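If you're matching them up, the sequences are chains A and B in order. For the first sequence, my numbering begins at 1 and goes up steadily by one. For the second sequence, my numbering begins at 649 and goes up steadily by one. Each residue gets a CB set at the ideal place from its N, CA and C atoms; glycine is no exception. Computed from a predicted structure; not experimentally measured. Remarks on the structure that follows.
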Amino acid sequence: MLTHRASGVINFAHAALGMYVAYAYYKLRQTGELVLPILGLPDRVKIVDAPTVFTAMSVAVALSAVLGLLVYLLVFRWLRTAPALARVVASLGLLLYFVAIVKLRFDRSAGQLPLGAILPAGSVTVSGVAVPYNRLILAAIALAVATVLAVVFKFTRFGMATRAAAENEKGALIVGHSPDKLAVVNWTVASVLAGVSVIFIASVTKQLDPLSTSLLVVPALAAVLVGGLRSFFVTSFAALTIGMLQAGLLNYSTRSTWIPSWLPRSGLNHALPFLVIVIALTVRGASLPGRHEIRESRLPFSPRPRHVVPVTVVGVGLTAAGLLTLDSQWRLAIVVSLIASLIALSSVVLTGYVGQISLAQYAFAGLAGFVTAKLTEARGIPFPWAPLIAVALTTLCGVLVGLPAARVRGLVLAVVTVGAAVAIENLAFKSEALGGLGRVQIDRPELFGLDLGFSAKGADNFRAEFGIFVLIVVACSFIAIANLRRSPTGLRWLAVRANERAAAACGINVTSMKLEAFAVSSMLAGMGGVLLAYRGSLAPESFAVFGALALLAVTYLGGIASITGALLAGVLFSGGILTHVSGGTTGGTSDTAFAVSGLALVIAAVRTPDGVVGFFRRRGAGAGMRLRARAATGDGDSSAMAGSVEAR
Amino acid sequence: MSTLLELRGVETGYHGVPVVHDLDLTVGEGEVVALLGANGAGKTTVLNTIAGLVPRTGGSLSVLGAPVSSRQRGAQRRTLDVVRRGVGYVPEDRALFYDLTAIENVRLAAARRDRAAVAAALDLFPALAPLTGRAAGLLSGGEQQMLAVARALAARPRLLMIDEMSLGLAPIIAERLLASIRKIADDTGTGILLVEQQVGAVLRVADRAYLLRRGRVVVEGRAADLRARPDLLASSYLGSG
Chain A
1 MLTHRASGVI NFAHAALGMY VAYAYYKLRQ TGELVLPILG LPDRVKIVDA
51 PTVFTAMSVA VALSAVLGLL VYLLVFRWLR TAPALARVVA SLGLLLYFVA
101 IVKLRFDRSA GQLPLGAILP AGSVTVSGVA VPYNRLILAA IALAVATVLA
151 VVFKFTRFGM ATRAAAENEK GALIVGHSPD KLAVVNWTVA SVLAGVSVIF
201 IASVTKQLDP LSTSLLVVPA LAAVLVGGLR SFFVTSFAAL TIGMLQAGLL
251 NYSTRSTWIP SWLPRSGLNH ALPFLVIVIA LTVRGASLPG RHEIRESRLP
301 FSPRPRHVVP VTVVGVGLTA AGLLTLDSQW RLAIVVSLIA SLIALSSVVL
351 TGYVGQISLA QYAFAGLAGF VTAKLTEARG IPFPWAPLIA VALTTLCGVL
401 VGLPAARVRG LVLAVVTVGA AVAIENLAFK SEALGGLGRV QIDRPELFGL
451 DLGFSAKGAD NFRAEFGIFV LIVVACSFIA IANLRRSPTG LRWLAVRANE
501 RAAAACGINV TSMKLEAFAV SSMLAGMGGV LLAYRGSLAP ESFAVFGALA
551 LLAVTYLGGI ASITGALLAG VLFSGGILTH VSGGTTGGTS DTAFAVSGLA
601 LVIAAVRTPD GVVGFFRRRG AGAGMRLRAR AATGDGDSSA MAGSVEAR
Chain B
649 MSTLLELRGV ETGYHGVPVV HDLDLTVGEG EVVALLGANG AGKTTVLNTI
699 AGLVPRTGGS LSVLGAPVSS RQRGAQRRTL DVVRRGVGYV PEDRALFYDL
749 TAIENVRLAA ARRDRAAVAA ALDLFPALAP LTGRAAGLLS GGEQQMLAVA
799 RALAARPRLL MIDEMSLGLA PIIAERLLAS IRKIADDTGT GILLVEQQVG
849 AVLRVADRAY LLRRGRVVVE GRAADLRARP DLLASSYLGS G
């Protein structure tokens, strides 16, 4: 939250940074070595032989301060005026990086790190329930920190200036306050808080894990939303309440009998933040942004699709030829790319065209996949009907998530959808009604007696028939979206993206436009999910939140606002054509690759908001503009001016 | 009378496209100077360039007698440098802090513990007196405009630039405000550079005026002389001749 105040960033990597610092702290306590997080530098340096809690803590504080500073100066400083999406993507890149680097540089086998107690043990009994001292102390520390921050922000000049600079940088500049310096201080403090709190949390809960600790950011952001991004008190109370409810729910759901058996017991507490987010937004959100909330920033360029028919004919022809002639590994890569591009297309519609940042697309895909599997397996509903029902259900689900989302925008929406993705993952995928925790097999699809199954024996595996079927579905979807983009609906979507108030003033129903987009995009994601399901078996992990982050990341790299970008995203997606060409094995990616792709994502977010597609397009357009300007002003001749206007 | 602001042959533009050409402009101590011109003439760009928000591509700029280097990279550094020398700026969009209260807005601009400057700036706008505790975002457009001017004045600027001060203000309030700005210039020796569309009103209080057209100064002279030549102004604004 402090970072949001300082530079308008909701940092999804905040808990990940803390997680890294906590790992470093416990490693330091164990061996006296400091593990460095930067690729290319030596792994670790020896600091002292047997560090005390105090030395280790000081080093950890210094480490988190330096990391926070680096993250700000190298990444977010350049993104202060960038669209919300670029900031989300950059923080996702950092998240991937920290997770990967921890996996690379720490041996994570259980019991390796001494998650020793820092706070005194023992407990006190409150109305029959034993409450450990360390938790009480932790809660007290949290509240004390919140109090100090609240006082500083309310009454000091520094706090006032930070609030001012977060809101209007130009304003801060012209009254003589440097937004940069304010941001540096705030980022440093925020990072230290993240580092120290994860150390304490790990010492109390005896749990530290790259993935789940990094995802602590979801309940934390839920609390921040309850606090309305402003109040430190409300935020920390909300955080404490969510934490207690989660723990209570976990405890309760394993013992109670009234919770229906199809609900996964371990999932309920993970779904709680989403519930909190939804309630907070329903109470706080507004259907249109206030007058000072509209930020001037360039949105990713969304080109009007041209030459749809010839491009489709050539593309489909080439892909079909590839499917029919190349070997089975190639066929698999092409199919993975096609399906990924379909899910990426759903992001393009929602995020690129309507400006709603959604991290739940992958979860929607998973939902459709699991429902299809269940319908064919348990209910015996045959091929074309089961997936159609599943897609319809997913569409409905998308609209349901879209309902609270219609009242928010930008970064806040990203938080909502992350919450939704975590909730779907934990409630639906792990539910016994859908799949339970194991893998789910699905019947072979068959249409008019034609076997469309993917798997086969030997070299025939990954059959071309299925590939062609996927190709037809994907091509039809892309053509439909291209036409939608060129239709009046597409224009209305872009209008909503550009300025909701202006769009409403032109008679566009902003809410229904957003819901339409949520429907279309979750339908596309659902279709992708169904195809994934028919490709092979399903497991809850295949649709985990990190997959969603990776997918949004490649879509952003490809170009979030154009259908060409979605195609590129498919090619780039792990396991797709690029992986195959570059010789990688399909399936798991190594942690080094994750670290590098995290970095690549950060760089992409900083350098080009339009992705690869936009980068090349802009090169052409920029040169043209300068040429025209030179022609127009070179001799001040008004006819040249007229010419340049016409040329445009 | 010493020169507070001096531009010599200044060129500036956006993304390599020039907007302002070969601009010479000065503002002296206690002087009120009007910058006039049709929409798109480059008036706001001139102010943004002086404030450092837009980089200068050529020419020299000196503020309060000291040259401002054009080599400084980044709007932040340039603007902070100019502002800390004593330049106040009220931009066209006002750039208020809507979440802060009116009084907090003004206090942030004033030097630490300079309560007198805050009080003096607010005294100019009696309409703001009952509203100081209210969030700036909840003020009306006109009240926000007054607050923006008050905020700029609280820093006790030696040179004050105001873009479209009369925007959104009732004509009578705008005239009153122009009169008080004249008085500030006379009393404190602050130099004032006004971009204004209310040509008649601003020429009544200004000492001198520049008329911009397509980024070039086409007319420059004493405000009284310009007032006597409405044909010149009309042709520039309406685009004939």
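What are the complete alpha helix (DSSP H) segments, minimum 4 residues, inside the stretch 757-826 of chain B?
You should have 763-771 and 789-802.
In chain order, what residues of the same chain lie with their CB nearer than 8 Å to the CB of Leu403 (chain A), ignoring the 5 residues before and after it?
Position 403 of the first sequence holds residue 403 (chain A). So the qualifying residues of the chain are Leu515.
Exposed or buried, which one is Ile820 (chain B) when buried takes at least 16 other CB atoms within 10 Å?
Along the second sequence, read from residue 1 onward, the residue named residue 820 (chain B) stands at position 172. Label assigned to Ile820 (chain B): exposed.
Distance, Cα to Cα, Glu659 (chain B) vs Ala768 (chain B)?
In the second sequence, counting from the first residue as 1, residue 659 (chain B) sits at position 11. In the second sequence, counting from the first residue as 1, residue 768 (chain B) sits at position 120. Glu659 (chain B) and Ala768 (chain B): Cα-Cα distance of roughly 37 Å.
Which residues, in chain order, does the stretch 170-188 of chain A contribute to contact with chain B at a C-beta distance below 9 Å?
Per Cβ criterion, the list reads Lys170, Gly171, Ala172, Leu173, Ile174, Val175, Gly176, His177, Ser178, Pro179 and Asp180.
Nearest to Leu728 (chain B) by alpha carbon, out of A:Gly317, A:Leu73 and A:Val175?
The count along the second sequence starts at 1 and reaches residue 728 (chain B) at position 80. Considering only alpha carbons, the answer is A:Val175.
Under the assumption that Asp670 (chain B) contacts Arg864 (chain B) (Cβ atoms under 8 Å), give the Cβ distance between them as a whole number of angstroms.
The count along the second sequence starts at 1 and reaches residue 670 (chain B) at position 22. The count along the second sequence starts at 1 and reaches residue 864 (chain B) at position 216. Asp670 (chain B) to Arg864 (chain B), Cβ: 7 Å. Contact.
Using a threshold of 8 Å, state whether the C-beta atoms of Leu345 (chain A) and Ala533 (chain A) are closer than that.
For the purposes of this step, residue 345 (chain A) is taken as the residue at position 345 of the first sequence. For the purposes of this step, residue 533 (chain A) is taken as the residue at position 533 of the first sequence. No.
Assign Tyr662 (chain B) to one of two classes, buried (16 or more other C-beta atoms within 10 Å of its C-beta) or exposed (fewer than that).
Mapped onto the second sequence, residue 662 (chain B) falls at position 14. Counting Cβ neighbours within 10 Å, Tyr662 (chain B) comes out exposed, since fewer than 16 surround it.
In the stretch 739-752 of chain B, which residues sit with their C-beta less than 9 Å from some C-beta in chain A, listed in chain order?
Going along the stretch 739-752 of chain B in chain order, one finds Pro739, Asp741, Arg742, Ala743, Leu744, Phe745, Tyr746, Asp747, Leu748 and Glu752 with a Cβ nearer than 9 Å to chain A.
Should the stretch 864-884 of chain B be called in touch with the stretch 709-721 of chain B, which here means at least 3 C-beta pairs below 8 Å?
They do not touch, by the three-pair rule.
For Val313 (chain A), which option in A:Val102, A:Gly547 and A:Ile479 has the closest C-alpha, if you only look at C-alpha atoms?
Residue mapping note: residue 313 (chain A) aligns to position 313 of the first sequence, counting from 1. The residue with the shortest Cα to Cα distance from Val313 (chain A) is A:Ile479.
Can you tell me whether Phe155 (chain A) is buried or exposed, with buried defined as 16 or more other CB within 10 angstroms of its CB?
Here residue 155 (chain A) refers to the residue found at position 155 of the first sequence. That one is exposed.
Flag Thr780 (chain B) as yes if its beta-carbon sits less than 8 Å from any beta-carbon of chain A, otherwise no.
Your numbering for residue 780 (chain B) matches position 132 in the second sequence. For Thr780 (chain B), the answer is no, since every Cβ of chain A falls outside 8 Å of its Cβ.
Closest by CA to Leu712 (chain B), which one among B:Thr693, B:Arg704 and B:Gly734?
Taking the first residue of the second sequence as 1, we reach residue 712 (chain B) at position 64. With distances taken between Cα atoms, Leu712 (chain B) lies closest to B:Gly734.
How big is the Cα-Cα spacing for Glu425 (chain A) and Ala392 (chain A)?
By 1-based counting over the first sequence, the position of residue 425 (chain A) is 425. By 1-based counting over the first sequence, the position of residue 392 (chain A) is 392. Approximately 19 Å, taken between the alpha carbons.
Flag this pair as touching only if the stretch 681-701 of chain B and the stretch 833-849 of chain B have three or more C-beta atom pairs under 8 Å; answer yes or no.
Flag = yes, the stretch 681-701 of chain B and the stretch 833-849 of chain B touch.
Out of curiosity, what's the CA-to-CA distance linking Ile810 (chain B) and Ile832 (chain B)?
Here residue 810 (chain B) refers to the residue found at position 162 when the second sequence is read from its first residue. Here residue 832 (chain B) refers to the residue found at position 184 when the second sequence is read from its first residue. Cα to Cα, the separation comes out at about 14 Å.
Within 10 Å of its beta-carbon, does Ser287 (chain A) have 16 or more other beta-carbons around it, so buried, or fewer, so exposed?
In the first sequence, the residue the question calls residue 287 (chain A) occupies position 287. Note that Ser287 (chain A) scores 47 on pLDDT, short of 50, meaning its location in the model is unreliable and no value can be drawn from it.
Which value, in whole angstroms, describes the spacing of the CA atoms of Arg304 (chain A) and Ala482 (chain A)?
Here residue 304 (chain A) corresponds to residue number 304 of the first sequence, with the count starting at 1. Here residue 482 (chain A) corresponds to residue number 482 of the first sequence, with the count starting at 1. Near 8 Å, if we compare the C-alpha coordinates of Ala482 (chain A) and Arg304 (chain A).
Under the three-state reduction of DSSP, which class applies to Tyr746 (chain B): helix, strand or coil?
One-based indexing of the second sequence puts residue 746 (chain B) at position 98. Coil, per DSSP.
Do you know offhand how far Phe655 (chain A)'s Cα is from Ile137 (chain A)'s?
Outside the shown range of chain A, which is 1 to 648, sits residue 655 (chain A), and nothing can be said about it.
Between Leu653 (chain B) and chain A, is there a C-beta pair that is closer than 8 Å?
For the purposes of this step, residue 653 (chain B) is taken as the residue at position 5 of the second sequence. So, not an interface residue.
If I measure Cβ to Cβ from Leu673 (chain B) and keep anything under 7 Å in the same chain, skipping five residues before and after, which residues do I get?
Indexing the second sequence from 1 puts residue 673 (chain B) at position 25. Contacts found: Leu655 and Tyr858.
For His669 (chain B), which of helix, strand or coil comes out of DSSP?
What you label residue 669 (chain B) is simply residue 21 of the second sequence in a count that begins at 1. Note: His669 (chain B) maps to strand in three-state DSSP.
Do the stretch 308-325 of chain A and the stretch 522-530 of chain A make contact, defined as three or more Cβ pairs closer than 8 Å?
Judged by Cβ distances under 8 Å, the stretch 308-325 of chain A makes no contact with the stretch 522-530 of chain A, as fewer than three pairs qualify.
Give the DSSP-derived three-state secondary structure of Val865 (chain B) in the structure shown.
Here residue 865 (chain B) corresponds to residue number 217 of the second sequence, with the count starting at 1. In this structure, Val865 (chain B) counts as strand in the three-state DSSP scheme.
Spatial neighbours of Gln793 (chain B) within its chain, please: C-beta separation below 6 Å, excluding the five flanking residues on both sides.
As a working mapping, residue 793 (chain B) is identified with position 145 in the second sequence. These residues qualify, in order along the chain: Gly816 and Leu817.
How close, in whole Å, do the beta carbons of Ala686 (chain B) and Ser814 (chain B) come, if the pair is a contact with beta carbons under 8 Å?
Position 38 of the second sequence holds residue 686 (chain B). Position 166 of the second sequence holds residue 814 (chain B). Rounded, the Cβ-Cβ distance is 16 Å, inconsistent with contact.
If you draw a straight line from the C-alpha of Gly688 (chain B) to the C-alpha of Leu216 (chain A), how long is it?
Sequence index remark: in the second sequence, residue 688 (chain B) carries index 40 (1-based). Sequence index remark: in the first sequence, residue 216 (chain A) carries index 216 (1-based). When rounded, the distance between both Cα atoms is 51 Å.
So Leu701 (chain B) and Lys170 (chain A) are in contact, right, with Cβ under 8 Å, and what is the actual spacing, rounded?
Within the second sequence, residue 701 (chain B) is the residue found at index 53, counting from 1. Within the first sequence, residue 170 (chain A) is the residue found at index 170, counting from 1. Yes, they are in contact, since the Cβ atoms of Leu701 (chain B) and Lys170 (chain A) sit about 7 Å apart, within 8 Å.
For my contact list, Val606 (chain A) and Trp78 (chain A) are in at a C-beta cut-off of 8 Å; report their separation, rounded to the angstrom.
To locate residue 606 (chain A), count along the first sequence from 1; it is residue 606. To locate residue 78 (chain A), count along the first sequence from 1; it is residue 78. Rounded, the Cβ-Cβ distance is 5 Å, consistent with contact.
Quick check on Gly889 (chain B): buried or exposed, where buried means 16 or more other Cβ atoms within 10 Å of its Cβ?
Within the second sequence, numbered from 1, the residue matching residue 889 (chain B) stands at position 241. Here Gly889 (chain B) scores only 42 on pLDDT, less than 50, and its place in the model should not be relied on; the value that follows carries that caveat. By the neighbour-count rule (16 or more Cβ atoms within 10 Å), Gly889 (chain B) is not buried but exposed.
Span of the alpha helix (DSSP H) holding Ala344 (chain A)?
Along the first sequence, one-based indexing puts residue 344 (chain A) at 344. Where Ala344 (chain A) is concerned, the enclosing alpha helix (DSSP H) stretches over Ser328 to Ser347.
Output yes if chain B places a C-beta closer than 8 Å to the C-beta of Leu2 (chain A); else output no.
On the first sequence, position 2 is the one that residue 2 (chain A) refers to. The pLDDT assigned to Leu2 (chain A) is 47, lower than 50, so where the model puts this residue is not dependable; a value taken from the coordinates is nonetheless given after this. It does not: the Cβ of Leu2 (chain A) has no partner Cβ on chain B nearer than 8 Å.
Between the stretch 777-795 of chain B and the stretch 755-767 of chain B, can you find at least three pairs of beta-carbon atoms closer than 8 Å?
Output reads no: the stretch 777-795 of chain B does not touch the stretch 755-767 of chain B.
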